[in-house]
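Data block below; observations after.
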Amino acid sequence: MPDYCFYTQGKQTVALARSDVNRATELLAQGYKKEDEEVHAANEKQAAARFADIRKENAIDRHNFLAGAGTMPLIGVLTALAAFLFWRKK
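Position 13 (the sequence shown) corresponds to 19 in the working numbering; numbering is contiguous.
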């Protein structure tokens with residue numbers, strides 16, 4: 007199975023075999039940006055599907071991280087408030 011690289015411009019994504027240097031040069035000249043991800047796939051369609059899955063997983067991970075980053079300070083403040091109230095009653 008060949009390795010595929012991805013080039014994006016706006017919302018358009020093109021999957022190319024890594025060995026297709028001529029087409030990659032053309033895409034870069036047209037303003038496409040080479041993505042960091044590379045996948046092994048049987049054909050371009052499967053490579054594009056895997057790339058979409060990778061992007062979706064990254065978006066989910068980013069959302070989950072930000073959700074946790076927002077709630078952890080709140081938990082810390084509530085814990086500090088509870089500790090302050092318990093220490094004050096003694």
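Note that beta-carbon positions come from the ideal geometry of N, C-alpha and C, so glycine has one too.
All values derive from a computational prediction rather than experimental measurement.
- In this structure, the straight-line span from the alpha carbon of Trp-93 to that of Gly-76 is close to 27 Å.
- 8 Å or more divides the Cβ of Glu-50 from the Cβ of Cys-11.
- With a 10 Å radius around the Cβ and a threshold of 16 neighbouring Cβ atoms, Ala-53 comes out buried.
- Counted as a single uninterrupted DSSP element, the stretch harbouring Ala-47 is not any alpha helix (DSSP H), since DSSP gives it neither H nor E.
- When secondary structure is reduced to three states using DSSP, Asp-26 falls in the coil class, being assigned neither helix nor strand.
- Under DSSP, Thr-77 forms no beta bridge with any residue.
- In this structure Met-7 is not in contact with His-69, their Cβ atoms being roughly 31 Å apart against a cut-off of 8 Å.
- Residue state for Gln-52 is assigned as helix, using DSSP reduced to three classes.
- In the DSSP assignment, Tyr-10 falls within the unbroken beta strand (DSSP E) covering 9-15.
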